[in-house]
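Protein chains: 4
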Amino acid sequence: MSEETPTIGIGMLGYAFMGKAHSNAYRTIAHMPGQPPLLPELVSIAGRNLEAVTAAAQLFGFEATVTDWRDLISDPRVGLFDNSGPNLLHAEPTILAAQAGKHVLCEKPLGMDAGESYEIWQRVAKTGVKHMCGYNNRFVPAIRYARQLLEADELGEIRHVRARYLQSWGGDEDLMTWRFDNAQAGSGALGDLGAHIIDLARFLVGEITTVSALTRTFIKERAGHAVDVDDAFEATVEYENGAFGTLEASRLAPGRINSLVLEVNGSKGSLLFNLERLNELQIHMNSSPHKGFQTVLMTEPEHPFLNFWYPPGHTLGWQDSFTHQAHHLLTAIREDTEVGPYGADLEDGYRAAEVCDAIVRSSASGRREAITYRKSEV
Amino acid sequence: MSEETPTIGIGMLGYAFMGKAHSNAYRTIAHMPGQPPLLPELVSIAGRNLEAVTAAAQLFGFEATVTDWRDLISDPRVGLFDNSGPNLLHAEPTILAAQAGKHVLCEKPLGMDAGESYEIWQRVAKTGVKHMCGYNNRFVPAIRYARQLLEADELGEIRHVRARYLQSWGGDEDLMTWRFDNAQAGSGALGDLGAHIIDLARFLVGEITTVSALTRTFIKERAGHAVDVDDAFEATVEYENGAFGTLEASRLAPGRINSLVLEVNGSKGSLLFNLERLNELQIHMNSSPHKGFQTVLMTEPEHPFLNFWYPPGHTLGWQDSFTHQAHHLLTAIREDTEVGPYGADLEDGYRAAEVCDAIVRSSASGRREAITYRKSEV
Amino acid sequence: MSEETPTIGIGMLGYAFMGKAHSNAYRTIAHMPGQPPLLPELVSIAGRNLEAVTAAAQLFGFEATVTDWRDLISDPRVGLFDNSGPNLLHAEPTILAAQAGKHVLCEKPLGMDAGESYEIWQRVAKTGVKHMCGYNNRFVPAIRYARQLLEADELGEIRHVRARYLQSWGGDEDLMTWRFDNAQAGSGALGDLGAHIIDLARFLVGEITTVSALTRTFIKERAGHAVDVDDAFEATVEYENGAFGTLEASRLAPGRINSLVLEVNGSKGSLLFNLERLNELQIHMNSSPHKGFQTVLMTEPEHPFLNFWYPPGHTLGWQDSFTHQAHHLLTAIREDTEVGPYGADLEDGYRAAEVCDAIVRSSASGRREAITYRKSEV
Amino acid sequence: MSEETPTIGIGMLGYAFMGKAHSNAYRTIAHMPGQPPLLPELVSIAGRNLEAVTAAAQLFGFEATVTDWRDLISDPRVGLFDNSGPNLLHAEPTILAAQAGKHVLCEKPLGMDAGESYEIWQRVAKTGVKHMCGYNNRFVPAIRYARQLLEADELGEIRHVRARYLQSWGGDEDLMTWRFDNAQAGSGALGDLGAHIIDLARFLVGEITTVSALTRTFIKERAGHAVDVDDAFEATVEYENGAFGTLEASRLAPGRINSLVLEVNGSKGSLLFNLERLNELQIHMNSSPHKGFQTVLMTEPEHPFLNFWYPPGHTLGWQDSFTHQAHHLLTAIREDTEVGPYGADLEDGYRAAEVCDAIVRSSASGRREAITYRKSEV
């Protein structure tokens, strides 16, 4: 790597699923073609269980290990605080890190609810650091390409957005993790899966103005613990631009492993994306001489991010979305540019939380709930 | 055909799309293997435009033509009154035909609303004739097979039902037909497309108890006429058995031609059906050694209706659902058995109408609307 | 049906799978929209087993039954002799029928080998009657549409043709039928399945000039009988126009039910067809702004045969190809036009047989075998 | 990374497509979970163009750059010589590196023909170093899983193997690279694409004993240069275990980007793999209650390599096959185990070359050519 590329120290909170994905991204980006904007150095990783975090540090390539995340914040070598910890630990560490002058990347969902999410956003925004919320699916090439088509008005007036995120692992009734505990997770499928499709719908189509929703817990006890989060939700939503559609998520859909499927119908064409086949975008344009979706492999040099990688047809994996995301954030830090609109910043994290809250509200009230987004006071 | 097979005279109202499908069914069933229960004779067909109905009579094989549908009812040769006419003409002719002792098959949606549908059902039921509502998709082999799997509890507790019916022909803004006129059609995509998926969801999963819905008219003027029916609707629904899910229909989904897609997730497995590939049923069972949907061609001898037809792999068409439906109705007439539960009778037609009405009501009220089904007073 | 439409009497030999498909076609065409060219009357059907043929006659709608096919030929009411009998009975009845002035439709494969096929063609051709060989797949809308695209040079110079026909029913080792007996069938998968893809390849791309092939019998004994026909073959072939490709067929491909798949690659685009999804044609054109196949539902009014049927998206079945084929033949008879090039005539039947023979020859010789087609001497 | 993990120095020849994929693999493996067997250090990279190789070194993370590959061999820090150079440079550098005591990884195809491939294999084998040929597709999880199923006799007696590798980039007639020059590449689609499917067919099904083949050059001139390599080939092949099937590759298949598709039919089931959807394996087992292929996402913990990575449904990319391959080779080096049978060693490289040569031979002779594999004399 070029000596001239400045480095940035990474301090990471959390060493599970997201910690691994983020670490791998920092490692990979440093060695990908195209001068990286900054060279990440994996300075320190925090976790309460010393043994486990030490093992993770070794595997992920971190130089040091701490059991108190405050040590990351006080570490002068840390330039970017990466919060890959559980939802309950998103607010305080992220805010304090920003106040200590660290740039921050916080996993989704941002806060435990919209109120907390707003707080995180506002307090971080005041500090002037760069901030990002980990909606990595924005960095799947097919999703970015869909955004480009929509920005270029290739689809015309948008009428329908169908977004769903279905998994099946929740069907194991003996399984009990923090993800089924409201105090730790804030919600179930809603924040875990629903937040992803809410962000993607917002990213592609625009703001959601109303929701009519139902949440449901089918498996009420797991391994002797009462479950107080949703297994699934169903919602109809309206968009600011006049479109309407559905949002759905479930952990109880047998045969669906990671089925984030998104369809947009406009007056001039339609798009269809499926995360299980993330290298593909299904496109139909009315201008085509035939009717029907075309299966387009998103691996051509003109497709987003692809000039970083391999010749056409050599597919990417889910992990690569994190590498693209990290590259984007580091570029924003290096060049002092905005994280948005292509990356999700903490305002995006807050706005998704407002939609999640409205879904809960509507499920309880039985009414179509309008959503009011608070403005920044910074 | 065997001399011993009794005949039944068909009197048909309507000679457009449905008239053609029904006529072809009567013709085909008469010559299919397996002794037909009754041999249809195409006695007479009614239409206001003499020239058009005469041409249709010739093409469909009817012996006579009338311009007043009352002539069908007074015709003693007519044993089955087939109402394939426009929605506005469903009530009176169907009721009068039944009162004249004719068995009746009425196209869907049954009435202009739930009230009228209830009336039709009740008045016909009082006469004691056999009655059917033309929800032909129940007679697609894959749908009947899905029903069999569900009846046998192969899917366990049902959690989700996702049903949608998308077409794109409404995108032509210059197109104006009776289907866009509320006075003639009663509703737009809701009654035309939505009614089909409502019936299938009821057929497979059970009664719908609440709906939260939105209807929308995107194209407000067509060829100079104001449009007063919906182009599309989106709804979340709850079922009596505890499942919940979505219902959606649109005439404005580019790339979707006849995309009736239905997915059911239970605790033990999932099913997926797509009318554009009606010879297939996608099946996932948790008992499978692998996770993922299996694409099963519904053409084996053990599949419903298939012992009527050809060796495995020789696919059926959409038309064949009408032939199966006609065979079912004629069997009920011949053997004095019930049309339900495998066929839709007028009560099914009424119940689907209640769901349609609740969708309209919820769209207006912004509330989750409970559905109360009226009982038969016969 | 219009009194003015002349009738034509059908005399049919054979009452099994093909007899049923042909009968149904004659019945359906008579009542389809668009004035039928001739109105078929099902005069008489021949079969050796009186009881079985009588049952078939009743089901298929034939007026009379005979146990000696010669009685069909001497019957003055028969205008079209439909030979749906086993391969061994293709030659003599077809020739004699033509010599008696009947038009003839003979199922494929035409003769037991190329020599016999040539004889049938020549002797029939001398009589001047209309003659057709039952390559019904030419009448699937997607196949005809593919032909239209190729005729219009939409694909440019053709480079590759990959055609295969896979089934799995032969995997049942206890199953023994005439199809496994060389004396009755002439060959196994080759004549049964291979002949179909040979005809389609010829129909779409042109004449085959050489083959290098292997045939194989994996299951050498069935229910105590030695099997002397092929279970499968594999071949590489060259075409007159410079293209080359593969032909394969098997009865031993688990999971494949009726998998006739055909792909053509040209310098300007590609086409892909699958008989199990016969309502679809996969199209890629280099002129598309994106790369990838478009799944086109062949149900638009501008697609072949579709103006006969239903609105877009209402799919056809395999049976309908026979109806289209019958309509084509009756049109040729009524209007004295050629059966070719859109229908297969007996010369096409002969030419496919030459390719089949060359496959057998090459398998034995281990050499690439050139094919010489004999010219008509009529 | 753990201080205890020994390191191994990598010296790489070549900095294009494969150089990038290999470098990324070495980088990624070092930081993946599961103690890596050896920690790769990217010591030095060789290329004739100093400027280009310097840029690559920086991007890939190599410490040093040389313009003469002999300098890699004389470098004592290099423990593994990675030959990602053009085909013409496979033999001498690989042999000399092994003779200098370096372990070797040589890209495929191994030599310019079977004779040279045999030489490379034999000379390297004599030295006792670990040797691998870069058939990375063996390390796609779905392929390894297919191998496991076949080893466990889940498919029974194998009857058919259909393997093809189709791309379309060769359709650009203005494109001229070393890949179209026989002196540099040795062959066209045959060695580039065909070698991959030959290796996979061997890996899964066993040795190929005969081939009947045709090669073809459709575009005979590119940018003013005569082309002397094949654009495509078609072959029928026999296997030692009695199976037979086809092999095909082309650079001229519009709509096909990286379409390596492989189907295996056995007496008990079938498998289907498509490199464009490399996270999926299509499985049909006769033991299934239904007939048809199941689409299985290869991302479960029990699937090969997946315990290294993420939760189910989080897909991998093409690059990851190289990481798995590098991990396998480093394990063999560290633990002194065999590269085969799961990795391809140089004998596998030689054997694939024998099949390629036989394809050329058969195309010229017009005969089915038997293949004789030379034994090791070491």
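Protein chains in written order, with our numbering: chain H, 1 to 378; chain V, 1001 to 1378; chain Y, 2001 to 2378; chain W, 3001 to 3378.
Here a beta-carbon is modelled for each residue, glycine too, at the ideal position from N, C-alpha and C.
Between the alpha carbons of Leu-3262/W and His-1103/V, how many angstroms are there, rounded? 56 angstroms
In this structure, does DSSP put Phe-1305/V in helix, strand or coil? Reduced to three states, the DSSP call for Phe-1305/V is coil.
On the three-state DSSP scale, how would you describe Arg-159/H? strand
Where Val-378/H sits in the DSSP three-state scheme: coil
Ala-235/H: contacting residues in chain V (beta-carbon distance under 8 angstroms): Thr-1236
Helix, strand or coil: which one does DSSP assign to Pro-2093/Y? helix
Using a Cβ-Cβ cut-off of 6 angstroms (strictly less than) and excluding sequence neighbours within five positions of Thr-2127/Y, which residues of its own chain qualify? Ala-2098 and Gln-2099
Provide the residue(s) that pair with Ala-2213/Y in DSSP beta bridges, ordered along the chain. Ala-2235/Y
Taking 8 angstroms as the threshold, find out whether the segment 2330 to 2339 of chain Y comes into contact with the segment 2033 to 2046 of chain Y through three or more Cβ pairs. The segment 2330 to 2339 of chain Y, when compared against the segment 2033 to 2046 of chain Y, does touch it at the 8 angstroms Cβ threshold.
Where Val-378/H falls, given that 16 or more other Cβ within 10 Å makes a residue buried: exposed
So who's on the other strand from Ala-2083/Y, going by DSSP bridges? Here residue 2083/Y turns out to be Asn, not Ala, going by the sequence shown. Listed as beta-bridge partners of Asn-2083/Y by DSSP are Leu-2013/Y and Cys-2106/Y.
For Ala-3253/W, which residues of its own chain have a beta-carbon under 6 angstroms away from its beta-carbon, when the five flanking residues on both sides are left out? Hits under 6 angstroms: Leu-3166 and Ser-3168.
Quick one: residues in its chain with C-beta nearer than 7 angstroms to the C-beta of Asp-2357/Y, no 5 flanking neighbours on either side, listed in chain order? Asp-2113 and Ala-2114
Could you tell me if Leu-50/H is buried or exposed, where buried requires 16 or more neighbouring beta carbons within 10 angstroms of its beta carbon? exposed
Going by CA-CA distance only, name the one from Arg-2216/Y, Glu-2240/Y, Ala-2353/Y and Ala-2201/Y that's closest to Thr-3236/W. Between Thr-3236/W and the set Arg-2216/Y, Glu-2240/Y, Ala-2353/Y and Ala-2201/Y, the nearest pair of CA atoms involves Arg-2216/Y.
Glu-3116/W in three-state terms, based on DSSP: helix
State yes or no: is the beta carbon of His-3103/W nearer than 9 angstroms to at least one beta carbon in chain H? no
Looking at the unbroken alpha helix (DSSP H) that takes in Gly-1349/V, where does it start and where does it end? 1346 to 1365
Look at the alpha carbon of Pro-86/H and the alpha carbon of Gly-3011/W, and state the distance between them as a whole number of angstroms. The C-alpha of Gly-3011/W is placed about 42 angstroms away from the C-alpha of Pro-86/H.
Just verifying my parser: in three-state terms, what is the DSSP assignment at Glu-2280/Y? strand
According to DSSP, simplified to helix, strand and coil, what is Gln-3294/W? strand
Measuring alpha carbon to alpha carbon, tell me which of His-1090/V, Leu-1297/V and Gln-1122/V ends up nearest Lys-1108/V. His-1090/V
Can you pull the chain Y neighbours of Phe-293/H, defined as C-beta to C-beta under 8 angstroms? One finds Gln-2294 and Thr-2295 in chain Y with Cβ atoms closer than 8 angstroms to the Cβ of Phe-293/H, taken in chain order.
On the CB-based measure, 16 or more other CB atoms within 10 Å of its CB, does Pro-341/H come out buried or exposed? Around the C-beta of Pro-341/H, fewer than 16 other C-beta atoms lie within 10 Å, and the residue is accordingly described as exposed.
At 4 residues or longer, what runs of the alpha helix (DSSP H) sit wholly inside the segment 1147 to 1211 of chain V? 1182 to 1185 and 1195 to 1205
Is the Cβ of Asp-320/H closer than 9 angstroms to any Cβ of chain W? Taking Cβ atoms only, chain W reaches closer than 9 angstroms to Asp-320/H, which makes this a yes.
Kindly list the residues whose CB is nearer than 8 angstroms to the CB of Asn-2137/Y, restricted to its own chain and excluding five residues on each side of it in sequence; keep chain order. Ile-2143, His-2196, Asp-2199, Leu-2200, Leu-2260, Leu-2275 and Ser-2321
Buried or exposed by the 16-neighbour rule on C-beta atoms within 10 Å, applied to Pro-1141/V: When all chains shown are included, Pro-1141/V counts as buried.
Using a Cβ-Cβ cut-off of less than 9 angstroms, give me the residues of the segment 2199 to 2213 of chain Y that come near chain W, in sequence order. Thr-2210, Ser-2212 and Ala-2213
Who are the Cβ neighbours of Arg-2361/Y in its own chain at under 6 angstroms, not counting the five residues just before and after it? Glu-2369
Does chain V have any CB closer than 9 angstroms to the CB of Lys-126/H? no
Identify which residue in Asn-3083/W, Val-3227/W and Val-3043/W has its Cα closest to the Cα of Ala-3016/W. Asn-3083/W
Here's a check: name, in chain order, each residue in its chain whose Cβ is nearer than 6 angstroms to the Cβ of Arg-1159/V, leaving out the five neighbours to either side. For Arg-1159/V, the CB contacts under 6 angstroms within the same chain, skipping 5 residues up- and downstream, are Ala-1243 and Asn-1265 in chain order.
Which two residues bound the contiguous alpha helix (DSSP H) that contains Thr-1323/V? 1319 to 1335
DSSP-derived helix/strand/coil call for Ala-57/H: When secondary structure is reduced to three states using DSSP, Ala-57/H falls in the helix class.
Within 9 angstroms of any Cβ in chain H, is that where the Cβ of Pro-1141/V sits? Contact with chain H is absent for Pro-1141/V, since none of that chain's Cβ atoms lies less than 9 angstroms from the residue's Cβ.
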